[in-house]
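Remarks on the structure that follows.
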Amino acid sequence: MNDEKIQQYGDELYEAFVSRRAIRPLLEREPDITIEDAYKIQERFVARRVAAGERIIGKKIGATSKPVQDFLGVYQPDFGMLLSGMVYTEGDTIDLGQLIQPKAEAELAFVLKADLQGPGITAMDVIRATDYVLPCFEIVDSRITDWKIKIQDTVADNASCGVYVLGKTKGDPRKLDITLAGMVLEKNGELFSTGVGAAVQGSPANAVAWLANTLGELGIPFKAGEVILSGSQSALVPVVDGDELVCTVGGLGSCRVKFSGRSAA
Amino acid sequence: MSMNITLSREDVVRLCERVEGAQTRAYAIPKLTDEYPNMTIGDGYAVQLELRKRFLAAGHKQVGWKAGLTSKAKMIQMGVNVPSIGFLTDRMSRPESSAISTFDLVHPRVECEVAFVMKTTLQGPGCTAADVLAATDYVLPAVEIIDSRFSGFKFDLPSVVADNGSSARFVGGGRARYAEDLDLRTLGVVMEKNGEIVTMGASAAVLGHPAEAIAMLVNILAELGENLPAGSFVMSGGITEAVAVKPGDSIVARFQELGSVSMRFVE
């Protein structure tokens, strides 16, 4: 795919993000688009947000669980960039009016205390470089109509990242079993689903190592202080005005978030 | 829940013999309600208790109870708001890390559960999760091998209760822990079959908290005129979905804070 088209689609996704109006799937229009092309489109989309004043403050890993991979027909994760305009903290109410078709997923977030430069990074290096982990929600959103995404669409769309909410209880992965820690997700006071760290690539640390190595191939390091969202441990939860979600990670703590307003779709 | 019995004594004995035959000689039978469409849950328990009487008379020793149908999804599917229970005997127990024969099973499936060992006797009605925790000596991880004797694992509540809640075998192991040292609601569980993760979850999948399932079990026992004696081993119900196993399969159930339970299946 030539640079002109990459720029065009990146701009289209940026416009969709700003206007909250979803666009037709890219793959429907460009059947030969590769995953590599899609990451270049993502780069353009993100560059537009940075040009408009945001900063890159971390990364997210997507498509980490088997059901999502089966759905997308890919057998490796993908990634996107976390931007300063996406951040919420526990207790905040998220305004759905800024999103198109949001769904929540419960995850473990890693905050790094040392740089990690792939390739050659193992899960052990990830634990070594981790300052702490937090329970968190990622609110995914798609700039593609009705979530009709294939892997190329979601990669181009910054891995469908919307906003995210970090919990406040910090855990040390040397004390907490991040692989076997249970994940309990409640919606409006009722149990919605349960999961466990191992749902993410056998362990969330494996997913973070995968991303360190994938980015390493592109010459991009993880920097100390970055936030890495390691991938969903729950089912996707559609959210509407008034909903309240709580996720609790066994041995760690909870993250609570409320939603108000109406999303575009 | 009504424990109303509608079957005659002869019918209870007849159905008990039918279930006993299927359990001991490992063959599938049609669900009992095909022939007795008006069978109640109370009838199901009458058959189950008759079955227990026969096993105990044959020298089996009862070691405890199990709760079944404890996940919300399963209860909605069955149209009930209480779990079912079944009795456990020494003959169903298998050691951790052992080879478990399948020739005497129909279509075995495995599920991960939190098990409780009681230090004091509990008597319903009105038993709560707090009562259960206060009466618990320790908790441990367990794998239950369920085996419905009904064709295609197709059943309704009266039939599955009569079939002793599909109880077949169980394996306790891992690490014994005091319940108060753990958050029993958020324990993560991973089941691996032949080295691959096949199902996962957290313990809240069982009625929000496994101790809630034990409390319901105690309250069902009260309706049957029984208590839960001190020393009982009690399984609280599957956290994960049940996974089919066959000879050659190896299972490892990994529990947060409780270690793991493993076993393999042979002819």
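Taken in sequence, the protein lines are chains A and B.
Take the first sequence: its letter number 122 is residue 122 in the UniProt record's numbering, and every next letter is one higher.
Take the second sequence: its letter number 191 is residue 191 in the UniProt record's numbering, and every next letter is one higher.
Built from N, CA and C at the ideal position, the CB exists for glycine as well.
Do you know offhand how far residue i's Cα is from residue j's?
i: F155/B; j: A135/B; result: 34 Å
i: V261/B; j: L187/B; result: 15 Å
i: I35/A; j: R49/A; result: 21 Å
i: V184/A; j: V249/A; result: 7 Å
i: K72/B; j: G189/A; result: 14 Å
i: K60/A; j: N206/A; result: 14 Å
i: E186/A; j: A106/A; result: 10 Å
i: L82/A; j: E90/A; result: 17 Å
i: F137/A; j: F255/B; result: 24 Å
i: V206/B; j: K74/B; result: 10 Å
i: F259/A; j: L236/A; result: 15 Å
i: K40/A; j: S142/A; result: 18 Å
i: S97/B; j: R20/A; result: 56 Å
i: T121/B; j: I121/A; result: 54 Å
i: R175/B; j: V189/B; result: 14 Å
i: Y36/B; j: S8/B; result: 11 Å
i: W65/B; j: P221/A; result: 55 Å
i: L13/A; j: A129/B; result: 52 Å
i: G167/A; j: A104/A; result: 14 Å
i: residue 345/A; j: G201/B; result: Nothing can be reported for residue 345/A, as the shown portion of chain A is limited to 1 through 265.
i: V227/A; j: A46/B; result: 59 Å
i: I139/A; j: A204/B; result: 23 Å
Which of helix, strand or coil does DSSP assign to residue i?
i: M75/B; result: helix
i: S8/B; result: coil
i: V111/A; result: strand
i: L166/A; result: strand
i: E226/A; result: coil
i: I214/B; result: helix
i: M118/B; result: strand
i: Q62/B; result: strand
i: S234/A; result: coil
i: M39/B; result: coil
i: D90/B; result: helix
i: K31/B; result: coil
i: E190/A; result: strand
i: C16/B; result: helix
i: G251/A; result: coil
i: R169/B; result: strand
i: R262/A; result: coil
i: F155/B; result: coil
i: A142/B; result: strand
i: A22/B; result: helix
When you compare each of the options to residue i by their alpha carbons, which one comes out closest?
i: A115/B; options: V132/B, N4/B and L224/B; result: V132/B
i: D32/A; options: F71/A, I23/A and K150/A; result: K150/A
i: V18/A; options: K187/A, S260/A, G97/A and D125/A; result: G97/A
i: L252/A; options: G202/A, Y132/A, K40/A and R21/A; result: Y132/A
i: Q69/A; options: G242/A, V239/A, M81/A and G231/A; result: G231/A
i: L56/B; options: F87/B, Y178/B and L69/B; result: F87/B
i: P125/B; options: E17/B, L258/B and L217/B; result: L217/B
i: I178/A; options: A109/A, A114/A and R29/A; result: A109/A
i: G58/A; options: K223/A, E15/A and V200/A; result: K223/A
i: L32/B; options: L182/B, V189/B and L157/B; result: L157/B
i: V13/B; options: A242/B, D43/B, A179/B and D183/B; result: D43/B
i: E267/B; options: G248/B, G259/B and L258/B; result: G248/B
i: T89/B; options: I100/B, V106/B and K61/B; result: K61/B
i: K53/B; options: E20/B, M3/B, S203/B and D11/B; result: E20/B
i: E16/A; options: I100/A, M86/A and F71/A; result: Looking at the sequence itself, residue 16/A is Ala, so the reference to Glu does not match. Of the listed residues, the one whose Cα sits closest to A16/A is I100/A.
Use the C-beta contact count for residue i: other C-beta atoms within 10 angstroms, 16 or more gives buried, fewer gives exposed.
i: E192/B; result: buried
i: Y75/A; result: exposed
i: P119/A; result: exposed
i: F170/B; result: buried
i: F265/B; result: buried
i: R91/B; result: exposed
i: Y27/B; result: exposed
i: N194/B; result: exposed
i: D172/A; result: exposed
i: N81/B; result: exposed
i: R109/B; result: buried
i: D241/A; result: exposed
i: residue 282/A; result: This structure gives no information on residue 282/A, because the portion of chain A shown stretches from 1 to 265.
i: Y164/A; result: buried
Under 9 Å between the Cβ atoms of residue i and residue j?
i: A156/A; j: F79/A; result: no
i: L245/A; j: R262/A; result: no
i: Q7/A; j: R55/A; result: no
i: A22/A; j: I127/A; result: no
i: E50/B; j: A242/B; result: no
i: V139/B; j: P83/B; result: no
i: L15/B; j: G237/B; result: no
i: V239/A; j: P102/A; result: yes
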